[in-house]
Amino acid sequence: MKRTPGRDKAAPVVAGRAGCPVILCLGNPHCGDDGAGRLVARLLRDRLPSSVRIEQHAGTALALVERLHGADAVLLVDAALTGAAPGTIHVFDCVAEDIPAARPGASSHGLGVAEAIALARVLGTLPRVCRLYAIEGETFAPGAALSPAVRTAAEGLAARLARELVHTVPPSATSYGPHGF
Amino acid sequence: MARRTINVDVLARVEGEGALRLVIQDGTLRNAELRIFEPPRFFEAFLRGRSCMEVPDITARICGICPVAYQMSSVHAMEDALGIAITPEIRALRRLLYCGEWIESHVLHMYMLHAPDFLGYDGAVEMAKDHPDVVRDGLALKKAGNEILNLLGGREIHPINVRVGGFYRVPTRHELRGLREALLRGRDASLDTVKLVAGFAFPDMERDYEFVSVSHPGEYPFNEGHVVSNRGLDIPPQQYDAHFEEFHVKRSNALHSRHLGHGAYLTGPLARYSLNSARLSPLALEAARTAGLGATCNNPFRSIVIRAVEVVYAFDEALRIIDAYQPPERPFVEAPMRAGVGCAATEAPRGMLYHRYRLDADGSVLEAKIVPPTSQNQPSIEDDLRAFAPHWLDLPDDRLSHLCEQAIRNHDPCISCATHFLKLDVVRG
Numbered sequence: 178m179k180r181t182p183g184r185d186k187a188a189p190v191v192a193g194r195a196g197c198p199v200i201l202c203l204g205n206p207h208c209g210d211d212g213a214g215r216l217v218a219r220l221l222r223d224r225l226p227s228s229v230r231i232e233q234h235a236g237t238a239l240a241l242v243e244r245l246h247g248a249d250a251v252l253l254v255d256a257a258l259t260g261a262a263p264g265t266i267h268v269f270d271c272v273a274e275d276i277p278a279a280r281p282g283a284s285s286h287g288l289g290v291a292e293a294i295a296l297a298r299v300l301g302t303l304p305r306v307c308r309l310y311a312i313e314g315e316t317f318a319p320g321a322a323l324s325p326a327v328r329t330a331a332e333g334l335a336a337r338l339a340r341e342l343v344h345t346v347p348p349s350a351t352s353y354g355p356h357g358f
Numbered sequence: 006m007a008r009r010t011i012n013v014d015v016l017a018r019v020e021g022e023g024a025l026r027l028v029i030q031d032g033t034l035r036n037a038e039l040r041i042f043e044p045p046r047f048f049e050a051f052l053r054g055r056s057c058m059e060v061p062d063i064t065a066r067i068c069g070i071c072p073v074a075y076q077m078s079s080v081h082a083m084e085d086a087l088g089i090a091i092t093p094e095i096r097a098l099r100r101l102l103y104c105g106e107w108i109e110s111h112v113l114h115m116y117m118l119h120a121p122d123f124l125g126y127d128g129a130v131e132m133a134k135d136h137p138d139v140v141r142d143g144l145a146l147k148k149a150g151n152e153i154l155n156l157l158g159g160r161e162i163h164p165i166n167v168r169v170g171g172f173y174r175v176p177t178r179h180e181l182r183g184l185r186e187a188l189l190r191g192r193d194a195s196l197d198t199v200k201l202v203a204g205f206a207f208p209d210m211e212r213d214y215e216f217v218s219v220s221h222p223g224e225y226p227f228n229e230g231h232v233v234s235n236r237g238l239d240i241p242p243q244q245y246d247a248h249f250e251e252f253h254v255k256r257s258n259a260l261h262s263r264h265l266g267h268g269a270y271l272t273g274p275l276a277r278y279s280l281n282s283a284r285l286s287p288l289a290l291e292a293a294r295t296a297g298l299g300a301t302c303n304n305p306f307r308s309i310v311i312r313a314v315e316v317v318y319a320f321d322e323a324l325r326i327i328d329a330y331q332p333p334e335r336p337f338v339e340a341p342m343r344a345g346v347g348c349a350a351t352e353a354p355r356g357m358l359y360h361r362y363r364l365d366a367d368g369s370v371l372e373a374k375i376v377p378p379t380s381q382n383q384p385s386i387e388d389d390l391r392a393f394a395p396h397w398l399d400l401p402d403d404r405l406s407h408l409c410e411q412a413i414r415n416h417d418p419c420i421s422c423a424t425h426f427l428k429l430d431v432v433r434g
């Protein structure tokens, strides 16, 4: 699947009718810019209404399919490698469009985030609102630090999510699960 | 002379980074090589100097699909080195943990990786468009396995609750019984899985393998038993190194293995079933017979049926263990440190996994040896291709490539536990 990813669209994070969202931050913090999602999770801590769950997801693609099932609104944050400038934020509406796999099969047993989202869509288990924020990475080497451009982008994305979510979700608390903060 | 080269850049639905090269000259298959260029990971080297108590948690990180196998082989090897015996209750809980992993791993392979081959799809997503219920059933089955790992292992992937001598924490009877309903549903669904996969069309191809697996006189093998073969081998794991040899071939960064004096051999579902089918539970054995399996199976394309039968067994065995469970007085047996050598072979979902460690007097690791199932199976996978591909040479390139990929997937190879792919290269001259 070849297409140009969306670039930092200005649409609101969650439409007014959406329920309390879950922010799922993906990636391996020990592999350079693959830790971008985890950094966003840390930066969002204590900056959002308690009704917003922030989870760090380190499971398999099938575990992600299971996690999406039953949720009303999910915002996924991950790293990407598409050839764009490091730090570029790609935004996808997972409900409306396919997510281009960076390299087919380039995940454990050929199942990655793009395949997980596609599978959930086919099975009819995607959340009503499901958006992917993918930060273009520069290096994914084991043990590498986040590159400066990605760190800046993660900080910008966290600020944007915090700003928008504060105004679009109710402040009331909900229960926190084992993976939430 | 016409010469065609086929490059399939991505062979999906296998784990690891490698390539397959077929050389066809004048309509004859000249060579078939499985090339593994994934960089070495040096686990055996960096285990040196670590405490034996750390090893089960480190080796669990070798694989995200079968971490329990790496924990089980290492923890049993450490207990062998330290000369301690675990209690029957702990032994039963370890079998239960292995049941969870077999369910997770086999279901992933059957439903997401292998079934698309038989139903004619490029992958699980495409298959789900026409067969959503099949994929939903697979996800539900896998979830039941996840729940066992969550409870006993502390989490679904890379469990953290196994320690030398037992577990850090053992579940209460009430906690285990909480799994029961999901496992009962899973067992029923697993019988439907056997019916589903038994109905697939299988190439009529067999090979005269030397099968090697763990075998135990009283049970279908998980954690304990002799290493046996259908050619008369019957040894304790402590004698493994006297009978098997690892060797390096230029085309692979994973060591190959051979049975000394015999050559290539096969581990995994075909071997396990063919050497131990009489020890399946009555329900699993009945499912096998209904699916048309005999006491042994030499057709690797039918490995998916054996995996389905083994999933029935795993559910059945899990329920048996839960119903009989009595919590041990202590979650683990104390393990005083001493110098020694310990070995263990256990049955990972995709085949036998051998570990050997030499410990110093303080329990630190002086030497480690880990022989994964895919490493052992590499020569047999190549032999499969050499035996089967000549029958397919008249097929169009895409069909030939697909069948070769399927022949590799028969063995559920786990070339690495990282994010990698396999490239298929067919050269016709």
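First to last, the protein sequences are chains A and B. Here the first sequence is numbered in the working numbering, starting from 178 and rising by one per residue. Here the second sequence is numbered in the working numbering, starting from 6 and rising by one per residue. A virtual CB, placed ideally from N, CA and C, is assigned to each residue, including glycine. All values reported here derive from a predicted model rather than from experimental measurement.
Residue i, DSSP secondary structure in three states
i	result
residue 209 of chain B	coil
residue 257 of chain B	strand
residue 354 of chain B	coil
residue 64 of chain B	helix
residue 252 of chain B	strand
residue 158 of chain B	helix
residue 270 of chain A	strand
residue 382 of chain B	helix
residue 276 of chain A	coil
residue 362 of chain B	strand
residue 234 of chain B	strand
residue 201 of chain A	strand
residue 265 of chain A	coil
residue 338 of chain B	coil
residue 213 of chain A	helix
residue 265 of chain B	coil
residue 229 of chain A	coil
Option in the options with minimal Cα separation from residue i
i	options	result
residue 189 of chain B	B:319, B:409 and B:254	B:319
residue 88 of chain B	B:343, B:366 and B:127	B:343
residue 143 of chain B	B:210, B:126, B:120 and B:159	B:120
residue 386 of chain B	B:416, B:377 and B:152	B:416
residue 336 of chain B	B:173, B:180, B:33 and B:203	B:173
residue 413 of chain B	B:32, B:402, B:359 and B:391	B:391
residue 220 of chain B	B:361, B:356, B:105 and B:295	B:356
residue 263 of chain B	B:286, B:216, B:229 and B:300	B:216
residue 215 of chain A	A:339, A:199, A:227 and A:235	A:235
residue 279 of chain B	B:129, B:185, B:225 and B:254	B:225
C-alpha distance - residue i paired with residue j, whole-angstrom precision
i	j	result
residue 70 of chain B	residue 162 of chain B	8 Å
residue 50 of chain B	residue 374 of chain B	9 Å
residue 40 of chain B	residue 23 of chain B	5 Å
residue 398 of chain B	residue 406 of chain B	10 Å
residue 62 of chain B	residue 99 of chain B	15 Å
residue 261 of chain B	residue 394 of chain B	21 Å
residue 209 of chain B	residue 298 of chain B	14 Å
residue 418 of chain B	residue 411 of chain B	11 Å
residue 437 of chain B	residue 257 of chain A	The structure shown does not extend to residue 437 of chain B, since chain B spans only 6 to 434, so no value can be given for it.
residue 350 of chain B	residue 222 of chain A	45 Å
residue 211 of chain A	residue 276 of chain B	39 Å
residue 371 of chain B	residue 193 of chain B	47 Å
residue 194 of chain A	residue 249 of chain A	Annotation note: pLDDT 42 at residue 194 of chain A (below 50); position unreliable, no value reported.
residue 207 of chain B	residue 347 of chain B	42 Å
residue 165 of chain B	residue 324 of chain B	23 Å
residue 265 of chain A	residue 314 of chain A	8 Å
residue 288 of chain B	residue 313 of chain B	12 Å
residue 238 of chain B	residue 308 of chain B	23 Å
residue 236 of chain B	residue 81 of chain B	26 Å
residue 182 of chain B	residue 153 of chain B	11 Å
residue 101 of chain B	residue 77 of chain B	12 Å
residue 148 of chain B	residue 159 of chain B	15 Å
residue 128 of chain B	residue 122 of chain B	8 Å
residue 79 of chain B	residue 288 of chain A	28 Å
residue 201 of chain B	residue 132 of chain B	14 Å
>> If the cut-off is 7 Å on Cβ atoms, which residues from the stretch 312 to 326 of chain A count as contacting chain B, listed in chain order?
In response: Along the stretch 312 to 326 of chain A, none of the residues has a CB nearer than 7 Å to a CB of chain B.
>> Which runs of the alpha helix (DSSP H) at least 4 residues long sit entirely within the stretch 169 to 225 of chain B? Give them in chain order.
In response: Counting only runs of 4 or more, we get 178 to 182 and 185 to 203.
> Mind listing which residues of the stretch 288 to 311 of chain A have their C-beta closer than 7 Å to chain B's C-betas, in chain order?
Replying inline: Contact annotation: in the stretch 288 to 311 of chain A, residues whose CB is within less than 7 Å of a CB in chain B are 288, 292, 295, 296, 299 and 300.
> Which residues, taken in chain order from the stretch 145 to 169 of chain B, show a beta carbon closer than 7 Å to some beta carbon of chain A?
Replying inline: Residues of the stretch 145 to 169 of chain B with a C-beta less than 7 Å from any C-beta of chain A: 147, 148, 161 and 162, listed in chain order.
> For the stretch 222 to 237 of chain A, which residues have a CB atom closer than 9 Å to at least one CB atom of chain B, in sequence order?
Replying inline: Of all residues in the stretch 222 to 237 of chain A, 235, 236 and 237 have a Cβ within less than 9 Å of some Cβ in chain B.
> Taking a cut of 7 Å between CB atoms, which residues from the stretch 257 to 276 of chain A lie near chain B?
Replying inline: Those would be none; no residue qualifies.
> Taking a cut of 8 Å between CB atoms, which residues from the stretch 323 to 357 of chain B lie near chain A?
Replying inline: For the stretch 323 to 357 of chain B, the beta-carbon criterion of a distance under 8 Å to any beta-carbon of chain A is satisfied by none of its residues.
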